[in-house]
């Protein structure tokens, strides 16, 4: 009965989403407090019932109830308990249920923590959340119902795709969804503001934490997804420009722009149109990502066209929400009162530059992702747009942006002089140049671009800390006063610095691993060794091992490092029994920030084994940088003060100049 | 029923989320200007704080505060006075909201739900199906053994019929094919392989199966299984007259006790009807269609009771009219099927006593008595078509 009650709870959640779509909106229109209050209460109810449905599905997975078609298709009684639970969202139906669960969760969060939001705005926001929820509940119930039953129930399930049986999958999709869906809140705020026709700094003050929260989860989700692909797929790559990855990266790029734009709006009431438009586009890109990943259009446009039910439904949702919100934007945006004015060279100006580059970069990735689909649909030819395209389009777009990262925060609001800001960064530029020279010297000057890249990374990393450095007066004031100034700095400033620093760290990792990576592939018999980057890898033989739902052959490797120490690595080839599917389990050893990565190829008839070994210098910085970014976001999120951007005055006094230097 | 009670509770719970604010929230006019003022005060405090810690000088702070004040004035001018709420319309909307929850939920659920269907947790199901569990385990062990020793004819021979009974026809065919490969002289092996192939094909006697049945007949002319399926094949090819001939041949060669007899007669009649030949002259008042249907819907125990009562009826009728030889045959067979050999023997003796002048009948009954004495019990003779295949073949 639990299965059917779960199903019923899901249907009730849909019914509540309909109420939430209409009643608070009508309340806001009629000025009726009671009807507006229904929004908060019902969004809590919707979350409770979606949670019940999700719990019921989870319980069916845990108890291997194969009378649910979804459980039968994606689970197996011998699967380890952890993967029984993560299997709930390791498939289409379950992951859509998780999607709406998170959507309902964010709606409920707005209801719970939004007591300081004007009632009318809150009612409109919740109503828009209700529309999104209703559309997706209907999608689940009509095309992807996880509670579809099987009778008679089979005795054994089909098992989960082995590639997905991994701890990475346990956390990374929920993180991504928290990010994707989190942007629904900023979208709802934007639409609600356009409905009521009022957008001001106070509005931005409520939007910023939501944009930041969503961005945090999306950043963490993408980083985890990247690490998961890195160690689980066994190819040693950390980013593939794969459409599924791009689907999460595009919202991240636009969301990053939104984050900066919302900040400007809160501080200066400028960039209103930007902020509204970015809020719409960010969530639209999240929806597009959901469509790309969930409709099956990526596997084959034609398979999608033959079984279009799901895809067409999501496409309709896409058109409804993107088209609807953009139409509303076209009608209402001209009515928005223009915000604070600013000169081109100012903090606002720098952030417009940032927005332009980030959205252009997002558009580039979008084109590269959709182009193969369009070509396949029109001509039937299967092409793929890979790393070369993105390297020559996306890369150059990032360079000016990265160069600007340390400068922007040093500019003052409204109007600024470039020179004093640059003056404060002279020594940073000097360090970056030093890094370039050292790299050139150490690598005998071979890849010039690589040393420039490393210089850029150093520039971003150290430059990000420059603001804190100068504000604290390090090297100018006494140690005690420096410390008190450091602790007195607003946490949002630490957040900015850490976030930008993380960006530099990622860049450093990306540049070093792309240029200085070493690879060695050899077919070895037991007793033979291969060498890479000073490490000697000796193959000692294969051992068969039986796991809970797989059997594997483990290669016993003994690795000698350059200084003579020895450690063991055990990469393996696994076969999952239920699906008869082989996977490669790479062995990874982290040494400092670098990694030794070994995966196995085929075993030949005479017992020889193909071993692929990579030396990946500073590769972990890619994910460590992401950790810095997330940490920066979290610190900024804890800073609940209003952000006021104090403009530099046009009229000059001696005292004013000193203040300007510090502001 | 319990489901609908629980569902109703859930519905009430859901409706409460809509109802509570309608009753609990007090209508109070919210003044949007107040919120603007609150924002203004908070921002002003931030600026004053910056001034206090020395981040900005007094002049800048004053200018910034003046800017905030201008924003406040603009905001207050923009916000219009709230209109009086329309109570009637509000009530209609509230009512519609509350009613829509159960209506939408029940309508959608009835569209896609299965309210009667219980959960089927694997742990609970394993308890119920200990026996099938055991068989599966044994099969798995046999499979493992055969994987290691694929030339064990005996193993394949044991496993093949087990597969058939589990409905794993493809594996059964594979197993018989292995027996044929390893020991082509095994009696009935070709017929058994062909039978599995027929089951795989959903009851259709394929060309390959026909070939195998004919090969079987070359060495083992008496194979009832081969003759049964070849007759069926004729029917499936639409050559009903030839089919009737073959069925008659098969029926005349077997006794009423052959397990395939019922099926053969049914097929014979079907073919005869299609060929336009008169039905077989045998007149046998068997169970009516309703009785058969009823029996199918009963539990095993109830079915046994029903059969027992029908057997008792037949026995009673024969007491009154002991000359009904067909009746005696059926009674004896029924007792054998029910496992009551003593009653079968007694009935056969009574039948002989009552019809002593009918030599053929007496001979048949005596042979049955001889079999009963020889075996003590009466398992179906080996090499006869199994009942599943017989019923599967109805799908022509």
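Chains as they are written, first to last, in the numbering used here: chain A, 532 to 1194; chain B, -1 to 394. A virtual CB, placed ideally from N, CA and C, is assigned to each residue, including glycine.
With respect to chain A, the C-beta atom of residue 172(B) has no partner C-beta closer than 7 Å. Counting the other CB atoms within 10 Å of its CB gives residue 588(A) a total of 16 or more, which places it among the buried residues. Bridge partners of residue 1087(A) according to DSSP: 1072(A). Between residue 822(A) and residue 1163(A), the alpha-carbon positions lie close to 31 Å from each other. Using a Cβ-Cβ cut-off of 7 Å, residue 230(B) does not count as an interface residue toward chain A, since no Cβ of chain A sits closer than that to its own. A direct Cα-to-Cα measurement between residue 15(B) and residue 818(A) gives close to 29 Å. With a threshold of 16 other beta carbon atoms within 10 Å, residue 1030(A) meets it and is buried. Taking 7 Å as the cut-off between beta carbons, the residues of the region 96 to 115 of chain B near chain A are 98, 99, 102, 103, 106, 107, 110, 111, 112, 113 and 115, in sequence order. In this structure, residue 1086(A) lies away from residue 1038(A), with their beta-carbon atoms at least 7 Å apart. Within chain A, 557, 561 and 563 have C-beta atoms less than 9 Å from the C-beta of residue 87(B), given in sequence order. Residue 117(B) belongs to the set of residues whose beta carbon lies under 7 Å from a beta carbon in chain A. Taking residue 162(B) as reference, the option from 270(B), 151(B), 174(B) and 214(B) with the minimal CA-CA separation is 174(B). Contacts with chain A at 7 Å (Cβ-Cβ) do not include residue 185(B). Looking at the DSSP output, residue 1062(A) shares a beta bridge with 1067(A).
In the structure shown, residue 1140(A) falls within a strand segment according to DSSP collapsed to helix, strand and coil. 896(A) is the residue among 1003(A), 896(A), 660(A) and 1055(A) whose C-alpha sits nearest the C-alpha of residue 775(A). For residue 712(A), the uninterrupted alpha helix (DSSP H) segment begins and ends at 698 to 727. Contact note: residue 226(B) does not reach chain A at a C-beta cutoff of 9 Å; the least C-beta distance is about 30 Å. When the alpha-carbon of residue 553(A) is set against those of 90(B), 255(B), 207(B) and 328(B), the nearest one is in 90(B). Excluding residues up to 5 positions away in sequence, nothing lies with its Cβ nearer than 7 Å to the Cβ of residue 594(A) in the same chain. For residue 998(A), the nearest beta carbon of chain B is not closer than 7 Å to its own beta carbon. For the pair residue 863(A) and residue 809(A), the Cα-to-Cα distance works out to about 15 Å.
At a Cβ-Cβ threshold of 7 Å, residue 668(A) and residue 631(A) count as neighbours. For residue 240(B), the enclosing alpha helix (DSSP H) covers residues 238 to 251.
Contact between the region -1 to 19 of chain B and the region 605 to 615 of chain A is absent, with fewer than three C-beta pairs closer than 8 Å.
The Cβ atoms of residue 555(A) and residue 721(A) do not sit closer than 7 Å to each other. Judged by their CB atoms, residue 1057(A) and residue 1078(A) are not nearer to each other than the 7 Å cut-off. In summary, residue 731(A) is buried, with 16 or more beta-carbon neighbours lying within 10 Å of its beta-carbon over all protein chains present.
Rounded to whole angstroms, residue 1084(A) and residue 121(B) show a C-alpha spacing of 31 Å. The alpha carbon of residue 232(B) has as its nearest neighbour, out of 223(B), 11(B), 244(B) and 221(B), the alpha carbon of 244(B).
Excluding residues up to 5 positions away in sequence, 955 lie with their Cβ nearer than 7 Å to the Cβ of residue 1001(A) in the same chain. Assignment of residue 321(B) by DSSP, reduced to helix, strand and coil, places it in the coil class. For residue 841(A), there are no neighbours in chain B by C-beta distance under 9 Å, as the nearest C-beta there is about 16 Å away. In chain order, 989 and 993 place their CB closer than 7 Å to the CB of residue 962(A), counting only its own chain and leaving out the 5 sequence neighbours on each side.
In summary, residue 316(B) is buried, with 16 or more beta-carbon neighbours lying within 10 Å of its beta-carbon over all protein chains present. A check of alpha carbon separations from residue 1036(A) across 985(A), 1063(A) and 959(A) identifies 985(A) as the nearest.
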